[in-house]
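The sequence shown runs -24 to -1, 1 to 146 under mature numbering (1 follows the signal peptide of the UniProt record, and there is no 0).
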Amino acid sequence: MPIPLVVFLVAAVAVSAGPGAAQAQAPAVVYKCPGNPVLYTDALTPEQARERGCTTIEGAPITIVQGTKRPPPAASASATAPRPAGERVDPGVQRQRDSDARRILAEELAREEGRLAELQREYNNGQPERRGDERNYQRYLDRVAEMKAGITRKEADIAALKRELAKLPP
């Protein structure tokens, strides 16, 4: 969805007048009015500008920026695009996808179980070794609490991976 340009600009330009006439005329006062979107205009009277809380812009150059449209989405079908209803996937292709998913989940499960074993070994049943930078006992207790929370997260991750593996066909 394109984002509209939020700065509007209305300025008086003497198009039909010649170069000598432009110098003879007094320049139009341009007001910058607060709000969303910010409004730049010369169509207000000084009283209206004061009521709206507008400020005058004097001597500042005004730049007009043209908005661009976003290109339309690609017409090519991607792997993540939903298939039309009723279109089936070849059973051989689906078996291959399932075996790939099972292999990836099994590898991740083994990695997470290894990390959990390492964390539990370091945790040492709630009595990990103190490090040299933990002269303050509270710092040690904070590290022990972080380790326990990390072990709990790993156990939850492993349970989720096992649930995902159980969903896949053998």
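For each residue, glycine too, the CB sits at the ideal point set by N, CA and C.
Report yes if the CB atom of residue i is closer than 9 Å to the CB atom of residue j, and no otherwise.
| i | j | result |
| --- | --- | --- |
| V120 | G108 | no |
| A77 | L144 | yes |
My understanding is that residue i touches residue j, with C-beta atoms under 8 Å, so please give their C-beta distance in whole angstroms.
| i | j | result |
| --- | --- | --- |
| E83 | L137 | 10 Å between Cβ atoms; not a contact. |
| M123 | L92 | M123 to L92, Cβ: 12 Å. No contact. |
| E88 | K130 | 6 Å |
| L81 | L141 | 5 Å |
Kindly indicate which residue of the options has the alpha-carbon position closest to the one of residue i.
| i | options | result |
| --- | --- | --- |
| R106 | Y116, Y99, R97 | Y116 |
| P146 | E63, R71, P22 | R71 |
| P67 | S75, T17, G43 | S75 |
| D133 | E110, Y113, P104, G90 | G90 |
Which of helix, strand or coil does DSSP assign to residue i?
| i | result |
| --- | --- |
| A(-1) | At A(-1), the pLDDT of 46 sits below 50, so the modelled position is not reliable and the matter cannot be decided from this model. |
| K138 | helix |
| L15 | strand |
| K8 | strand |
| T32 | strand |
| P22 | helix |
| D109 | coil |
| G126 | helix |
| A93 | helix |
| R71 | helix |
| residue 231 | As shown, the chain starts at -24 and ends at 146. That puts residue 231 outside it, with no answer to give. |
| A144 | The identity of residue 144 in the sequence shown is Leu, whereas the question assumes Ala. Note: L144 maps to coil in three-state DSSP. |
contact_flag[the stretch 6 to 16, the stretch 24 to 35] where n(CB pairs < 8 Å) is 3 or more: yes
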